Amino acid sequence: MTKIKTQALYLTTFVLFMIGLSYASVPLYKIFCQVTGYGGTPMVSSENTSLISQKRIKVRFDSSTEKNTPLFFEPGKKYIETEIGKNNLIFYNASNNSNVSIKGTASFNVTPLQAAKYFNKIECFCFEEQVFDPGKEVQMPVSFFIDDAILNDKSIKGLNELTLSYTMYTTIE
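Numbering-wise (the numbering used here), the sequence shown opens with residue 51 and increments by one.
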């Protein structure tokens with residue numbers, strides 16, 4: 051092979067590798083955030099091992115949808131006040147305002163970002179793809195607790211409020 055053909059082959063391979071890496075970066079970053087709690091991503095827990103504290107915290111709930119999505123999506127409550135370490139169950143409501151079924155998935159985050167690693171979801175509608183039938187309303191549960199380790203974090207000392215936000219996206223088949 052000539053030197054020019056060899057260089058062209060290396061360059062083409064490099065370009066294809068970079069394109070593949072760019073497509074893989076979003077799911078890899080999502081996995082990284084879910085494992086570490088980085089970037090406002092709450093932790094996922096199978097059970098609550100925290101002690102229930104006397105300290106109360108306000109948890110606000112927020113929702114949005116992808117632009118031009120015919121879904122109505124909102125929290126059942128705008129906020130709750132709860133003890134740190136206590137298991138909580140809240141619901142988000144959704145309805146499909148179109149005449150066809152829609153599949154969707156929700157992305158989530160917690161603010162302030164420093165508190166995300168202490169926000170533990172036990173069960174969440176965001177763990178699975180949802181199907182919204184036309185004209186039907188559904189209630190989707192979120193079970194969570196705030197880890198009592200938050201009380202020892204000096205970077206968020208005095209925190210009295212945090213926000214759990216979801217954005218609902220339609221998924222393409």
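Where a beta carbon is used, it is the ideal one built from N, C-alpha and C, also for glycine.
Treat the numbers as computed from the prediction; the structure is a model and nothing was measured.
Can you grab the Cα-Cα spacing for the pair residue i / residue j, in whole Å?
i, j, result
"LYS43", "GLY185", "Residue 43 lies beyond the stretch modelled for the chain, which goes from 51 to 223, so this question has no answer here."
"LYS117", "ASN159", "18 Å"
"ILE152", "VAL181", "6 Å"
"ASN210", "PRO162", "11 Å"
"GLY90", "ASP112", "With a pLDDT of 48 at GLY90, under the threshold of 50, the predicted position of this residue should be treated as unreliable, though the coordinate-derived value follows. Each residue's alpha carbon lies about 14 Å from the other."
"ILE54", "VAL65", "16 Å"
"THR62", "THR56", "10 Å"
"GLY208", "TYR129", "19 Å"
"PHE178", "GLY70", "Before going further, note that residue 178 is Glu rather than Phe in the sequence given. The alpha-carbon atoms of GLU178 and GLY70 are separated by roughly 25 Å."
"MET68", "ILE206", "39 Å"
"THR119", "ALA58", "44 Å"
"LEU139", "TYR60", "55 Å"
"ASP203", "SER72", "35 Å"
"ALA74", "MET190", "29 Å"
Would you kindly check if the distance between the Cβ of residue j and the Cβ of residue i is under 8 Å?
i, j, result
"ASP183", "ASN146", "yes"
"GLY154", "THR220", "yes"
"LYS105", "LEU212", "no"
"THR192", "CYS174", "The amino acid occupying residue 192 in the given sequence is Val; Thr does not appear at that position. In this structure, CYS174 lies closer than 8 Å to VAL192 by Cβ."
Could you check if residue i belongs to the surroundings of the ligand COA, using beta carbon to heavy atom distance under 7 Å?
i, result
"ASN159", "Questions concerning the ligand COA fall outside what the structure shown contains, since it holds no ligand whatsoever."
Could you check how far apart the C-beta atoms of residue i and residue j are, in whole angstroms? I think they sit under 8 Å.
i, j, result
"SER114", "THR217", "5 Å"
When you compare each of the options to residue i by their alpha carbons, which one comes out closest?
i, options, result
"GLU131", "ARG110, PHE141 and LEU121", "ARG110"
"PHE194", "PHE141, SER151 and GLU178", "PHE141"
"ALA144", "THR62, CYS176 and TYR60", "CYS176"
"ALA165", "GLY70, LYS128, ILE134 and ILE69", "ILE134"
"LEU121", "PHE169, LEU139 and VAL150", "VAL150"
"SER215", "SER205, GLU179 and LYS171", "LYS171"
"ALA156", "THR63, LYS167, GLU124 and PHE169", "GLU124"
"ALA199", "TYR129, SER72, TYR168 and LEU71", "TYR168"
"ASN137", "ILE102, LYS128, THR119 and TYR129", "ILE102"
Check for me: the beta strand (DSSP E) holding residue i runs from which residue to which?
i, result
"VAL150", "From DSSP, VAL150 is part of no beta strand (DSSP E); its letter is neither H nor E."
"PRO125", "121-125"
"GLU116", "Careful: GLU116 lies outside any beta strand (DSSP E) and carries neither H nor E."
"LYS204", "Counting along the chain, LYS204 falls outside any beta strand (DSSP E), and DSSP gives it neither H nor E."
"THR52", "Where THR52 is concerned, there is no enclosing beta strand (DSSP E), given that its DSSP letter is neither H nor E."
"SER193", "187-196"
"THR297", "The chain is shown only over 51 to 223; residue 297 falls outside these bounds and no answer can be derived."
"ASN170", "169-174"
Please confirm whether residue i has its beta-carbon closer than 8 Å to some beta-carbon of chain D.
i, result
"PRO120", "Reference to chain D is not applicable here, since this structure consists of a single protein chain."
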